[in-house]
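Chains as they are written, first to last, in this note's numbering: chain A, 1 to 334; chain B, 335 to 466.
Take a look at the structure below.
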Amino acid sequence: MTTPQAVLNGERLALARMLTKVENNSEEGRLALMELFPHTGRAHLIGVTGAPGTGKSSLVNQLALHYRKQQNKRVAIVAVDPSSPFTGGAVLGDRVRMRDLSGDPNVFIRSMASRGSLGGLAQSTANVVQVFDAAGFDVVIVETVGAGQSEVDIARLAHTTLVVEAPGLGDDIQAIKAGILEIADILVVNKADRPGVENTEKALKTMLELAHPAERVFKHHGTYMGVAAPKSNLNKAVWIPSIQRTISTEGTGIAELVDAIAKHTAYLRSSGGWALRERTRLEVELEALLREGLMNKFRESTTAEAFEQALEAVIQRKVSPWEAANDLLKGSTA
Amino acid sequence: MTEKKIRVLVAKPGLDGHDRGAKVIARALRDAGMEVIYTGLRQTPEMIAEAALQEDVDVVGLSVLSGAHMALAPRVMELLHANGQSHVKVFLGGIIPDEDLGSLKAMGVTGVYGPGANTEDIIRDIKLAVAG
Ligand SMILES: Nc1nc2c(ncn2[C@@H]2O[C@H](COP(=O)(O)OP(=O)(O)O)[C@@H](O)[C@H]2O)c(=O)[nH]1
Ligand SMILES: [Mg+2]
Chain A
1 MTTPQAVLNG ERLALARMLT KVENNSEEGR LALMELFPHT GRAHLIGVTG
51 APGTGKSSLV NQLALHYRKQ QNKRVAIVAV DPSSPFTGGA VLGDRVRMRD
101 LSGDPNVFIR SMASRGSLGG LAQSTANVVQ VFDAAGFDVV IVETVGAGQS
151 EVDIARLAHT TLVVEAPGLG DDIQAIKAGI LEIADILVVN KADRPGVENT
201 EKALKTMLEL AHPAERVFKH HGTYMGVAAP KSNLNKAVWI PSIQRTISTE
251 GTGIAELVDA IAKHTAYLRS SGGWALRERT RLEVELEALL REGLMNKFRE
301 STTAEAFEQA LEAVIQRKVS PWEAANDLLK GSTA
Chain B
335 MTEKKIRVLV AKPGLDGHDR GAKVIARALR DAGMEVIYTG LRQTPEMIAE
385 AALQEDVDVV GLSVLSGAHM ALAPRVMELL HANGQSHVKV FLGGIIPDED
435 LGSLKAMGVT GVYGPGANTE DIIRDIKLAV AG
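Laid out in structure tokens, this is it:
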């Protein structure tokens, strides 16, 4: 049975099915999330992002091995790959690099297709992560392809975000977008066995110096409904991302990377950043659900004709979109 | 919400060394709108069943060129059953002698395809099997 209780009991088939339900954002999945929510908030969420081919999946494989062997932590992996915008299908190939993890009952790998919608991906990823968290996984690693807004959204989910680069991928650091640096807590130069590592590392250092102190994405506005976010003392000790070299095909540099992640965690705990990230993440989620709920409520109380009429009036420039929206909202609260 | 996506695990068990056919199938299924989890070469039946479980797939597609299908297919089926995934449909592709077809069907393999098989047929059969 796919009950929340079965998930909490650690039944793997129930967990797998629950992940499908929450990924599809089904009614049953939503109800289950409500029951699972009180059991969340314990896992360390690690985001891994970067351009295709930089070695993210190989790195995730090594990180998971390390957490298993050295720290006996239970590890869940969410590997997100893009869906084809034309057919909606996807080939999800990250498991190919994670075969070392098979046969370990304390590892659970789930592949996810981005399914087109930006906001939707962040929400379904959040749902999936919550289920793993409730199921008692100590570390949840989310791999995404670094391509833009969805990574920023997903980075908001994570406590620690790794941005992965590799030498020899185009003109030095072309592949790195400014926005991606902004979400990095740790920069990883993978494929350190390849020529050009020094150049990649140097370019990253330069970008970091230019960018810092960057406005961090998790400093969300925090003033929704006129409530100010609690003052944090984040500014007292600014986190400067470290640069870590790894060779994921051999496991080189992984212990050092795990240390850097632990340092970041300690920093978050001592600076109040951990609580701030939790707050931001849940605030974003709450707002998204409110928006969706209000929209649904509005749709229920407004006829399609009323909407069409208003739209037509706007098209004919009889009323402005602002007026039309106001009128519709007034009408719908009747 | 959108219609439920068909999720397919494409696996290459056995020791023979190339997966071109498996990759062609994976892409064809993607182009038919399915979500294909590709696991790579040299998968043991245990690895395949474990991945099928974690990924909550509807279909497992096995590509076997080594001639070991009569050992591999039943073992995968047995593990799927043991894991509570009896509903998962198993398809087999590769060089399969005619005289094995009967026993493969009897053990519950849903479809068997030779090297010349038309991907359109495979896609149609998968959709039918999952819907039915
Ligand atoms: N030389 C070298 N190759 C690597 C390293 N890490 C990964 N690779 C290879 O890079 C390719 C892409 O790796 P993958 O982990 O799938 O990258 P992803 O697309 O970022 O997830 C594979 O062929 C890996 O074997 C590394 O540290 N050194
Ligand atoms: Mg990958």
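Glycine included, C-beta positions come from ideal geometry on N, C-alpha and C.
By a beta-carbon distance limit of 8 Å, residue 88 of chain A does not contact residue 154 of chain A. Their separation comes to about 20 Å. Assigned with DSSP and collapsed to three states, residue 425 of chain B falls in strand.
Counting only the Cα atoms, residue 20 of chain A lies some 7 Å from residue 390 of chain B. When rounded, the separation of the alpha-carbon atoms in residue 115 of chain A and residue 103 of chain A is 29 Å.
Taken atom to atom, the span from the alpha-carbon of residue 374 of chain B to that of residue 73 of chain A is near 26 Å. DSSP, read as helix, strand or coil, puts residue 109 of chain A in strand. Close to chain A, meaning a Cβ-Cβ distance shorter than 7 Å, are the following residues of the region 380–393 of chain B: 380, 381, 384, 385, 387, 388, 389, 390. Residue contact check for residue 90 of chain A against chain B: a CB pair falls below 7 Å. Secondary structure of residue 36 of chain A (DSSP, three-state): helix. At a Cβ-Cβ threshold of 7 Å, residue 446 of chain B and residue 460 of chain B do not count as neighbours.
By the CB criterion at 7 Å, residue 7 of chain A and residue 15 of chain A fall inside the cutoff.
In the displayed model, residue 312 of chain A falls within a helix according to three-state DSSP.
Close CB contacts of residue 327 of chain A within its chain, under the 8 Å cut and outside five residues either way in sequence, are with 310, 319 (chain order).
For residue 138 of chain A, there is no enclosing alpha helix (DSSP H), since its DSSP letter is neither H nor E. Around the beta-carbon of residue 425 of chain B, 16 or more other beta-carbon atoms lie within 10 Å, marking it buried. With contacts defined by Cβ atoms closer than 7 Å, residue 268 of chain A and residue 274 of chain A form a contacting pair.
Ligand 2 has a heavy atom closer than 6 Å to the beta-carbon of residue 57 of chain A. Taking a contact to require three or more Cβ pairs closer than 8 Å, the region 404–415 of chain B and the region 21–37 of chain A do not qualify as touching. Chain order gives the chain A residues near residue 373 of chain B as 95, 96, where near means a beta carbon separation below 7 Å. For the region 337–360 of chain B, the residues whose beta carbon sits under 7 Å from a beta carbon of chain A are, in order, 338, 360. When C-beta distances to chain B are compared with 8 Å, the residues of the region 4–28 of chain A below that value are 12, 13, 16, 17, 19, 20, 24, 25, 26, in chain order.
A distance of 7 Å or more separates the beta carbons of residue 383 of chain B and residue 343 of chain B. Take the alpha-carbon of residue 45 of chain A and the one of residue 77 of chain A: they are about 10 Å apart. Within the region 105–117 of chain A, 108, 109, 110, 111, 113 place their CB atoms closer than 7 Å to a CB of chain B, listed in sequence order. Between residue 181 of chain A and residue 207 of chain A, the gap from beta carbon to beta carbon is short of 7 Å. In the structure shown, residue 409 of chain B adopts helical secondary structure according to DSSP, grouped into three states.
Around the beta carbon of residue 330 of chain A, a 10 Å sphere encloses fewer than 16 other beta carbons of the protein chains shown; the residue is thus reported as exposed. Ligand 1 has no heavy atom closer than 6 Å to the beta-carbon of residue 102 of chain A. No heavy atom of ligand 1 is found nearer than 6 Å to the CB of residue 124 of chain A. A buried status is given to residue 127 of chain A, since no fewer than 16 other beta-carbon atoms sit within 10 Å of its beta-carbon. The C-beta distance from residue 192 of chain A to residue 253 of chain A rounds to 7 Å, short enough to meet the 8 Å contact threshold.
According to DSSP, residue 143 of chain A shares a beta bridge with A:48, A:79.
For residue 84 of chain A, the residues of chain B that pass the 7 Å Cβ criterion are 364, in the order they occur in the chain.
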